[in-house]
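A.B. asks: Input: one structure, supplied below.
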């Protein structure tokens, strides 16, 4: 199977969507098996003619004899997940930046998004896109669909909190800055991000460290660049999220790829 990742072409979509990838059948009949790691995205996947099985931190996808479109929505990924494709399939997956998805669906809480997406026209649109053979046509249809659903939402306060979680401010200081309690910061984060402020920050720093890995000299520098107390603190958090040592991770994962996958 071929996997191709794309950034949005339209500036409005680029603001709220990190990107999307297509998995397509090819002549090799090759399967795909990888581990994906924690992130702060909200993710919508549409798979054509599949059987989908999820068990804790494992997902198995196989071809189905019955025609269908399976929609999978992920709002909280805080540990490694093994993904196994037993046969080649066709798939579209869209990554929304933190808070980005709310500009395309009416729900104002993360816990209501899955039901809205499943009951919306998303399935039928994805089904139509997956029948197309031309990739440019698929991309045009995908972007046209999300642009048709776009509606700017007023999320200034929570967006400011998300930005602050990427800084060196303590959560108590973020709360004081916005004249709210730490408990209310966590309430807002759980409502909109699907996780607590500390969990979001932990994953964000992990992702930032992966992005910066090529530009720093060693783990000590990488630790301080990403606002960890020291290298030991960095390694502990890294292992909590990946289940492997940082040096093993960086040896085996291509951190320049848009998809942060460890192929197995």
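Numbering (the working numbering), first residue to last: 10 to 273. Even glycine gets a Cβ: it sits at the ideal position worked out from N, Cα and C. In this text the structure is predicted, and so the values were computed from the model without any measurement.
#1: Return the CA-CA distance between residue 25 and residue 172, expressed in angstroms with no decimal places.
#2: Between which two residues does the beta strand (DSSP E) holding residue 40 run?
#3: Tell me which residues share the same chain as residue 21 and place their Cβ nearer than 8 Å to its Cβ, disregarding the 5 neighbours each side in the sequence.
#4: Can you grab the Cα-Cα spacing for the pair residue 189 / residue 148, in whole Å?
#5: State the start and end residues of the unbroken beta strand (DSSP E) segment that holds residue 100.
#6: Tell me, which residues are paired with residue 86 by DSSP?
#7: Where does the unbroken alpha helix (DSSP H) through residue 149 begin, and where does it stop?
#8: With distance defined between alpha-carbon atoms, name the residue in 132, 112, 70, 78 nearest to residue 164.
#9: Which whole-angstrom value is the C-beta distance of residue 91 and residue 67, which I expect to be below 8 Å?
#10: For a quick check, are the C-beta atoms of residue 48 and residue 86 less than 7 Å apart?
#11: How big is the Cα-Cα spacing for residue 269 and residue 102?
#12: Does DSSP classify residue 266 as helix, strand or coil?
#13: Who are the near neighbours of residue 136 in its chain, counting only those whose CB is closer than 7 Å to its CB and skipping five residues on each side?
#14: What's the call for residue 117, buried or exposed, on a 16-neighbour Cβ count within 10 Å?
#15: Based on DSSP bridge pairs, tell me the residues matched to residue 71.
#16: Nearest CA to the CA of residue 104: which residue from 28, 39, 145?
#17: Which residues in the same chain have their Cβ closer than 6 Å to the Cβ of residue 59, if we skip the five residues on either side of it in sequence?
#18: Taking residue 142 as the reference, give the member of 19, 240, 33 with the closest Cα.
#19: From residue 83 to residue 151, what distance separates their C-alpha atoms?
#20: DSSP state of residue 54, grouped into three classes?
C.D. replies: Quick answer:
#1: 14 Å
#2: Run containing residue 40: none; DSSP gives neither H nor E here.
#3: 156, 159
#4: 42 Å
#5: Segment 99–105, the beta strand (DSSP E) holding residue 100.
#6: 48
#7: 144–158
#8: 112
#9: 5 Å
#10: Their beta carbons are under 7 Å apart, which means residue 48 touches residue 86 by this criterion.
#11: 14 Å
#12: coil
#13: 78
#14: exposed
#15: 60
#16: Closest by alpha carbon: 28.
#17: 70, 73, 79, 98
#18: 33
#19: The alpha-carbon of residue 83 is positioned some 19 Å away from that of residue 151.
#20: Of the three classes helix, strand and coil, the one that applies to residue 54 here is strand, per DSSP.
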